[in-house]
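Those letters in the sequence shown? Residues 254 to 596, by our numbering.
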Amino acid sequence: MDAAVELQLKAVRSSTSPAVAKAAAVCLGHMATPLWRGPLQTALPSIEQLWMKAGESKESCEDLRDLMWAAGCIAGLPVLLQAMRQRFECADLQYASLRAIVDLCDEADRGGVGAGAAATAPLLHDAVTMVTGAMKLHSAVVNVQAAGCQALSFLLTAYKAEEVQRGHISPDVPLEVLEAVLHAMRRFPNRFQIIETVFLALRRFLEPIGRDQESLDAVARTVKHLVEMECVKHVEKVLQDFPRAPDLLENAFFVFAVLAGIAALLKEGATANTVIMKSALVQALCDVCRNFTDLVQQNATEIRGCVGGLLAAELTRGRDGEMSQQVAELQRRCEMLTGLLGR
């Protein structure tokens with residue numbers, strides 16, 4: 254075995270200093286390439302002892318994040334779910350595990366070959382159940398709610414894609430998942446950290462895996478549930494409360510368009526009074542057009558009129574032919590939308 258790997262394994266197993274053992278575990282996490290992942294799993298019992306001993310202080314929470322990240326890099330989702338079951342009542346460990354799940358899924362989402370890339374549909378389904386359970390038990394913990402929403406957004410996307418790849422119909426988003434995400438939004442309506450991840454999750458739930466009718470039908474059922482849960486009024490509040498958060502606005506406008514319809518979105522857009530909001534609205538329309546071509550084409554004339562008006566209002570505000578970067582970006586997005594509508 255490589256001498257450097259052996260040295261880190263020895264430190265994890267036998268060091269009398271928790272700080273040294275944790276640092277060694279993190280090193281092993283960085284070393285966890287596909288070639289080394291098997292041999293490195295011999296360190297898992299020692300890493301497990303470290304996370305079982307961790308307390309509830311801020312320092313312990315940071316240690317847990319490092320330990321769970323390292324364990325996830327080495328052994329993937331199964332070891333993280335095992336840890337969550339072992340200390341289900343510990344909010345810090347749940348948060349650390351959720352963050353590790355997000356890191357694994359994010360790497361897999363970007364085409365990586367990390368330990369999260371090989372997750373199967375049954376394992377992903379189990380992970381979704383575990384995450385919603387953690388969010389329900391620790392409903393008052395902001396970090397758990399934010400990380401939980403982000404984890405669900407990745408896990409559900411991966412689960413749906415895996416099922417479709419296996420030749421199955423795109424599965425619906427479970428009601429308990431929708432309830433968990435909306436509960437986080439209702440409990441913390443003014444916490445940007447929460448709202449940002451809630452709308453990341455909602456957007457991913459509403460994006461079809463493919464263009465086939467089964468995928469679109471699955472989205473339609475999710476829309477029905479969210480409308481029945483009065484999600485639309487919460488989206489409208491977010492658009493009012495966070496007018497200067499571009500990424501959040503793009504996701505919120507996308508969700509609003511899918512739930513309330515293009516006509517309602519254009520009506521909302523008519524009241525947009527900042528370049529940031531107008532640019533986010535146009536980007537959301539571009540994204541809706543890519544995912545729901547027929548929905549947008551049915552309203553193409555109205556969209557062109559609305560978007561043209563939004564851009565013209567900003568162009569007339571320029572002085573001496575100058576154009577700010579924000580207005581230039583708005584114009585670029587309008588041109589992109591026009592191209593999409595013309596396909």
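Beta carbons: idealized from backbone N, C-alpha and C, even for Gly.
- Message: Can you tell me whether proline 461 is helix, strand or coil according to DSSP?
- Response: coil
- Which of helix, strand or coil does DSSP assign to methionine 482? coil
- Item | Residue ranges of each alpha helix (DSSP H) within the stretch 258-334, 4 or longer | 271-284, 290-293, 297-306 and 311-328
- Query: Can you tell me whether glutamine 656 is buried or exposed, with buried defined as 16 or more other CB within 10 angstroms of its CB?
  - Reply: With the chain covering only 254 through 596, there is no way to say anything about residue 656.
- Message: Do alanine 344 and valine 381 count as a contact pair if the criterion is CB distance below 7 Å?
- Response: Not a contact, by the Cβ cut-off of 7 Å.
- Task: Note the first and the last residue of the continuous alpha helix (DSSP H) segment covering glutamine 618.
- Result: Within the shown structure, residues of the chain are numbered from 254 to 596, placing residue 618 beyond reach of any answer.
- Grab me the residues of methionine 438's own chain with a C-beta within less than 7 Å of its C-beta, minus the 5 sequence neighbours each way, in chain order. Ile447, Ile448, Val451 and His487
- Message: Assuming contact is defined by CB atoms lying nearer than 7 Å, are serine 299 and valine 265 in contact in what I supplied?
- Response: yes
- Query: Going along the chain, which residues of its own chain have a beta-carbon closer than 6 Å to the beta-carbon of alanine 517, five neighbours each way excluded?
  - Reply: none
- Query: Taking the Cβ atom as the reference point for each residue, do alanine 372 and aspartate 425 lie within a distance shorter than 7 Å?
  - Reply: no
- Report the rounded CA-to-CA distance for glutamine 347 versus glycine 592, giving the unit in angstroms. The alpha-carbon separation between glutamine 347 and glycine 592 amounts to approximately 45 Å.
- Query: Do alanine 323 and glycine 386 come within 7 Å of each other at the CB atom, strictly closer than that value?
  - Reply: no
- Task: Thinking lysine 531 and leucine 563 are a contact (beta carbons under 8 Å), I'd like their distance in whole angstroms, please.
- Result: 5 Å
- Item | Assumed close pair leucine 333, glycine 325 - CB separation to whole angstroms, cut-off 8 Å | 5 Å
- Query: Roughly how far, in whole angstroms, is the beta-carbon of alanine 537 from the beta-carbon of alanine 565, given that I think they are within contact range, below 8 Å?
  - Reply: The pair is not a contact, with the Cβ atoms about 19 Å apart (cut-off 8 Å).
- Item | Span of the alpha helix (DSSP H) around aspartate 359 | 344-362
- Item | Cβ-Cβ distance between cysteine 559 and leucine 590 below 7 Å | Against a cut-off of 7 Å, the Cβ pair of leucine 590 and cysteine 559 comes out as no contact.
- In the DSSP assignment, find the unbroken alpha helix (DSSP H) run with alanine 516 in it and report its ends. For alanine 516, the uninterrupted alpha helix (DSSP H) segment begins and ends at 515-522.
- So does the stretch 468-485 actually touch the stretch 523-530, counting three or more Cβ pairs closer than 8 Å? With the cut-off at 8 Å, the stretch 468-485 and the stretch 523-530 do not touch.
- Can you say whether glycine 463 is buried or exposed, counting buried as having 16 or more other CB atoms within 10 angstroms of its CB? exposed
- Message: I'd like to check one pair, methionine 482 with leucine 435: are the Cβ atoms closer than 7 Å?
- Response: yes
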